[in-house]
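K.L.:
Have a look at this one before I ask anything.
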Amino acid sequence: MSSDSTTTTDQDALLRASIDRSLRHPVMFFLTSGAAWLAVSILLGVIASAKVHNPGFLADCAWLTYGRAFPAHMNALVYGWGMQAAFAVIIWLMARLSRKECNAVGTILAAGHVWNLGVGLGVVGILAGYGTGMPWMEFPAFAWPVLLVSYCAILIWSFIQFRVRPEGHVFISQWYILAAMIWFPWVFITANTLLHCMPGHPVMAAGINAWFKSAMIFLFFTPVALGAAYYLAPKVTGRPVFSYSLAKLGFWSLAIIAPWAGMQKLAGAPIPFFLPYLGAAATALLFIPACAAGFNLIRTMLSCPKTLAESPSLRFTMAGIIGLAVLAVAAVLLNLPGSTLKMTQFSLSGYGFDVLAIYGFFTLVMFGATYFIVPRVTRREWLSRRLIKMHFLFSAYGVVFVALIALFGGLLQGAGQEDWQQPWEDAASRAIPYAVASTFSWSLILFSNVFFFLHLALMWMRLGRRSLHPTLLVSSHDAHGSSPHGEEGDIDNAGPGHAAAH
Amino acid sequence: MSLRTFILGLSASFGIAWLTVVVVPYFKMRNLAPIALSEAKDGAKGFFYPKRTGRIADGALVYAENGCYQCHTQVVRPTYAGNDLYRPNWGGLKSDADRGDTRRETNAYDFFGEKFAQIGVMRFGPDLSNLGRRVETEYAAGGDPAAWLYERLYNPRNNPKLWRSNCPPHPFLFEKREIKGSPSADAIKVDAGENHELIPNSDARALVSYLLSLKKDQKAPAALNFAPAKKDAEN
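So the protein lines, in turn, are chains A and B. Taking the working numbering, the leading residue of the first sequence gets 41, the next gets one more, and so forth. Taking the working numbering, the leading residue of the second sequence gets 150, the next gets one more, and so forth.
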């Protein structure tokens, strides 16, 4: 097919198809291994949560004692699932938006294996009792250089693609992704070198650790999820982003506010007085970027209600953005220094906030992106609408339970902790009913994600449906009878050059 | 907006905060100056140095590796940040036989010997800043504090007073041995089966030594003492 005889649309379709083809294995590798880690992480989360209300459960197993299972759960969630889902979305989005094929598949895949090895050894290290005792950085000290090097080997190509892209518009998604790609190594190197290599004051070290946690959420997971959402919302609805200036406000207010947040965890601890309260103020102010982006994206998605009802990508993205809005409200309500901060500082609320950010917002948007990207890179459609629906149902409702229960149960628990005239056991036992509910809802999420993993693995093996019709959440055309696949269900995906291959 | 401006903008917005809340405070606090005691106010010469005895470094390691910080904090917040000081014996003893009211908030000198202050994640259990003090004067009063802690670690709910505790048991910190000859003096008072005894392993010994070192209620120097003047002192 010579370029003279084809139209621009065909050339575009060809380019998109070749980008997708070049990224098939890296994207599927990160998503599938990420989904496997997600299942492992949730399993550990269920075990840890069960131990809160039933401390005798699996008590003889040193590897699964609460103090090891819980950090393993969080670290597997952050580095095993979160980071890998972000890799898949970043490399694909950056290639598509910069209109460049990926030329480094081998390096990316090799580095991806190294990343998984690092995470695997790290999680086993925590469970075996070699954790460092620094929240979210519990992997034994050997792990962080391994993760850092493989991070660079995976994402440097996306940076290069952006540098050599054809001149033209820079998309909102690209701002967010580029910023996340720069912020993560900066934050990660800072925290790890300060805490592992340059021992300082122990309390300030704890402060850096609290800042690191917050920076991971707001300077990596948040921009990656927003980048993906700013791609999906206009792309799937076919409408432009509601307001470009609101998007700018959202981006730059995040960039300016988020780096100050995090140290409110140390309110009252002996570090300079301004640090925790500055952190509390910055976290509350994150309401601004979250609402700017959330409002903008929700308006964009609502511009096309029919698509919103049908598209699995949009449904997950919408749920994730609603999660962001709840996160924004929680950031304000949980961090008021005069009233709530002292109650949420050491209660379940902190966990609820983390889970809401990572699962209720970031992960749901990543699922939305997965449902969009995977059919394009594998050139197969999702096998089953029912599996997608079930995944949504259990994930969304499960996380609503886990996060809201932990947020508000944590407030009650904190009120109990502050009530110093009552015995301590009263405050401690206030958390137990919420822990029972949390075990139950993590189990639901685990159930849905095992199926998500299987669905993904089948797609990677190219066992998806060969069809031109995307798998939508409602049966498409009544005229096509009862088959959810439609009459053309068996037609092969016709390959590049056909305009429908988008 | 060119890539250059974009990266400059990012570096500025991130860099200022990074310097202000991370780098500068970290390196300033790295060289925390010792506090000279004033003879007039403190009644002592020299420098303030809260003494801790015990296997602090390796005990802190066991504490970290087994995730004690997930449920226990080690910070007694000032009253503007929480009610920890009012909790019975959290910040010190309300009425020590020799020293009177020893309660005080945690200060930056309380973590000497540790690499990372285990401020803690959640409070499913009580604060441990003065656990050593509480065990010695309250929980195991008159008995052996270490033995009390070993039995507590083996299974908290073996102690009828702690039936509501949701702390996990730690049988893996103990070694089950056959009794040969007379029973070991270290064995904990838990039924380990016929002709067997349970001995704390080296991790348990380090941990208990560390926990007993948690006595952060030494008299703070006047320069660090923010407590309001006592009423009886005024009278």
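Even glycine gets a Cβ: it sits at the ideal position worked out from N, Cα and C.
1) Can you name the start and end residues of the beta strand (DSSP E) that GLU324 (chain B) belongs to?
2) Does the Cβ of LYS243 (chain B) have 16 or more other Cβ atoms within 10 Å, making it buried, or fewer, making it exposed?
3) When we look at the beta-carbon of ARG426 (chain A) and count the other beta-carbons within 10 Å, is it buried (16 or more) or exposed?
4) Does THR137 (chain B) have its Cβ less than 8 angstroms from a Cβ in chain A?
5) With a cut-off of 8 angstroms on the beta carbons, I'd call ARG252 (chain B) and GLY269 (chain B) a contact; round off their distance for me.
6) Please report the distance separating the alpha-carbon of ARG419 (chain A) from that of ILE59 (chain A).
7) Applying a beta-carbon distance threshold of less than 7 angstroms, which residues of chain B neighbour ILE296 (chain A)?
8) Just to check my reading of the structure: GLY281 (chain B) and CYS316 (chain B) have Cβ atoms closer than 8 angstroms, yes? What is that Cβ distance to the nearest angstrom?
9) At 4 residues or longer, and completely inside the segment 325-384 of chain B: list those alpha helix (DSSP H) runs for me, N to C.
10) So what's ALA349 (chain A) in DSSP terms, helix, strand or just coil?
11) Bridge partners of PHE196 (chain B), per DSSP?
12) By how many angstroms is the C-alpha of ALA57 (chain A) removed from the C-alpha of ALA213 (chain B)?
13) When the Cα atoms are used, what is the spatial distance from ASN365 (chain B) to ILE205 (chain B)?
14) Shortest alpha-carbon distance to ALA185 (chain B) belongs to which of B:LEU234, B:VAL284, B:PRO370 and B:THR202?
15) Taking 8 angstroms as the threshold (C-beta atoms), are GLY400 (chain A) and VAL366 (chain A) in contact?
16) Measuring straight from C-alpha to C-alpha, what distance separates PRO239 (chain A) and ALA245 (chain A)?
17) Output the distance between the C-alpha atoms of PHE549 (chain A) and PRO352 (chain A), rounded to the nearest integer angstrom.
18) Between the Cα of ARG91 (chain A) and the Cα atoms of A:THR511, A:PRO473, A:GLY449 and A:LEU195, which residue gives the shortest distance?
19) Listing by chain order, which chain B residues have their CB less than 8 angstroms from the CB of THR105 (chain A)?
20) Could you work out which residue in A:ILE131, A:CYS142 and A:GLY171 is closest to SER213 (chain A) when comparing CA atoms only?
21) Closest by CA to LEU235 (chain A), which one among B:GLN219, B:TYR229 and B:ARG179?
22) Determine whether the Cβ of VAL256 (chain B) lies closer than 8 angstroms to any Cβ atom of chain A.
23) Counting Cβ pairs, one atom from each stretch, are 3 or more of them under 8 angstroms apart for the segment 130-146 of chain A and the segment 155-174 of chain A?
24) Starting from the Cα of LEU98 (chain A), find the closest Cα among B:LYS368, B:HIS319 and B:ASP340 and give me that residue.
25) Applying the 10 Å Cβ sphere with the 16-neighbour rule, what's the burial state of LYS253 (chain A)?
26) Would you call the CB atoms of VAL264 (chain A) and PHE412 (chain A) closer than 8 angstroms?
27) Given a limit of 9 angstroms on CB to CB distance, which residues of the segment 341-372 of chain B reach chain A?
28) What did DSSP end up calling GLY281 (chain B) once you bin it into helix, strand or coil?
29) By DSSP's criteria, GLY249 (chain B) is part of a beta bridge. Which residues make up the other side?
30) Using a Cβ cut-off of 7 angstroms, pull out every chain A residue sitting near TYR235 (chain B), in sequence order please.
P.N.:
Result, derived from the coordinates:
1) One-based indexing of the second sequence puts residue 324 (chain B) at position 175. Start and end: 323-327.
2) The count along the second sequence starts at 1 and reaches residue 243 (chain B) at position 94. By the Cβ-count criterion, LYS243 (chain B) is exposed, with fewer than 16 other Cβ atoms from all chains shown falling within 10 Å of its own Cβ.
3) Mapped onto the first sequence, residue 426 (chain A) falls at position 386. In summary, ARG426 (chain A) is exposed, with fewer than 16 beta-carbon neighbours lying within 10 Å of its beta-carbon over all protein chains present.
4) Nothing about residue 137 (chain B) can be read from this structure; chain B reaches only from 150 to 384.
5) Within the second sequence, numbered from 1, the residue matching residue 252 (chain B) stands at position 103. Within the second sequence, numbered from 1, the residue matching residue 269 (chain B) stands at position 120. Between GLY269 (chain B) and ARG252 (chain B) the Cβ distance is about 19 angstroms, and since that is not below 8 angstroms, they are no contact.
6) As a working mapping, residue 419 (chain A) is identified with position 379 in the first sequence. As a working mapping, residue 59 (chain A) is identified with position 19 in the first sequence. A straight line joining the alpha-carbon of ARG419 (chain A) with that of ILE59 (chain A) spans about 12 angstroms.
7) Residue mapping note: residue 296 (chain A) aligns to position 256 of the first sequence, counting from 1. Listed by position along chain B, the residues whose Cβ is nearer than 7 angstroms to that of ILE296 (chain A) are SER162.
8) Here residue 281 (chain B) is taken as the residue at index 132 of the second sequence, counted from 1. Here residue 316 (chain B) is taken as the residue at index 167 of the second sequence, counted from 1. Contact between GLY281 (chain B) and CYS316 (chain B) is absent: CB atoms are separated by about 17 angstroms, not below the 8 angstroms threshold.
9) Correct list: 351-361 and 380-383.
10) As a first step, residue 349 (chain A) is located in the first sequence; it is residue number 309 there, counting from the start. Residue state for ALA349 (chain A) is assigned as helix, using DSSP reduced to three classes.
11) Translated into the one-based positions of the second sequence, residue 196 (chain B) becomes position 47. According to DSSP, PHE196 (chain B) bridges with B:ALA185.
12) Counted from its first residue, the second sequence places residue 213 (chain B) at position 64. Counted from its first residue, the first sequence places residue 57 (chain A) at position 17. Going by the C-alpha atoms only, they are around 50 angstroms apart.
13) Position 216 of the second sequence, counted from the first residue, corresponds to residue 365 (chain B). Position 56 of the second sequence, counted from the first residue, corresponds to residue 205 (chain B). In the sequence as displayed, the identity of residue 365 (chain B) is Lys instead of Asn. The straight-line gap separating the alpha-carbon atoms of LYS365 (chain B) and ILE205 (chain B) is approximately 13 angstroms.
14) Taking the first residue of the second sequence as 1, we reach residue 185 (chain B) at position 36. For ALA185 (chain B), the nearest C-alpha among the options comes from B:PRO370.
15) Walking along the first sequence from the start, residue 366 (chain A) turns up at place 326. Walking along the first sequence from the start, residue 400 (chain A) turns up at place 360. Contact: yes.
16) Working through the first sequence from its first residue, we reach residue 239 (chain A) at position 199. Working through the first sequence from its first residue, we reach residue 245 (chain A) at position 205. Approximately 8 angstroms between the Cα atoms of the pair.
17) Any property of residue 549 (chain A) remains undetermined from this structure, which presents chain A solely from 41 to 542.
18) For the purposes of this step, residue 91 (chain A) is taken as residue 51 along the first sequence, with counting starting at 1. Note on identity: in this sequence residue 91 (chain A) is Lys, with Arg being the wrong assignment. It is A:PRO473.
19) Here residue 105 (chain A) is taken as the residue at index 65 of the first sequence, counted from 1. Within chain B, the residues ASN215, GLY216, PRO317, HIS319 and PHE321 have their CB atoms less than 8 angstroms from the CB of THR105 (chain A), given in chain order.
20) Numbered from its first residue, the first sequence carries residue 213 (chain A) at position 173. Answer by Cα proximity: A:ILE131.
21) The sequence position of residue 235 (chain A) within the first sequence is 195, counting from 1. Nearest of B:GLN219, B:TYR229 and B:ARG179 to LEU235 (chain A), Cα basis: B:ARG179.
22) On the second sequence, position 107 is the one that residue 256 (chain B) refers to. Reading the sequence as shown, one finds Asn at residue 256 (chain B) and not Val. Yes, its Cβ sits closer than 8 angstroms to a Cβ of chain A.
23) No, the segment 130-146 of chain A does not touch the segment 155-174 of chain A.
24) Taking the first sequence and counting its residues from 1, one reaches residue 98 (chain A) at position 58. Relative to the Cα of LEU98 (chain A), the nearest Cα in the group B:LYS368, B:HIS319 and B:ASP340 belongs to B:HIS319.
25) Working through the first sequence from its first residue, we reach residue 253 (chain A) at position 213. Looking at its Cβ environment, which holds 16 or more other Cβ atoms inside 10 Å, LYS253 (chain A) is buried.
26) The residue given as residue 264 (chain A) occupies position 224 in the first sequence. The residue given as residue 412 (chain A) occupies position 372 in the first sequence. Against a cut-off of 8 angstroms, the Cβ pair of PHE412 (chain A) and VAL264 (chain A) comes out as no contact.
27) Those residues of the segment 341-372 of chain B that come within reach of chain A (Cβ to Cβ, closer than 9 angstroms) are ASP352.
28) Taking the first residue of the second sequence as position 1, residue 281 (chain B) is located at position 132. Correct three-state label for GLY281 (chain B): helix.
29) Along the second sequence, read from residue 1 onward, the residue named residue 249 (chain B) stands at position 100. Paired residue(s): B:ASP245.
30) In the second sequence, residue 235 (chain B) corresponds to position 86, counting from 1. Under a criterion of Cβ atoms nearer than 7 angstroms, the residues of chain A adjacent to TYR235 (chain B) are, in order, TRP460.
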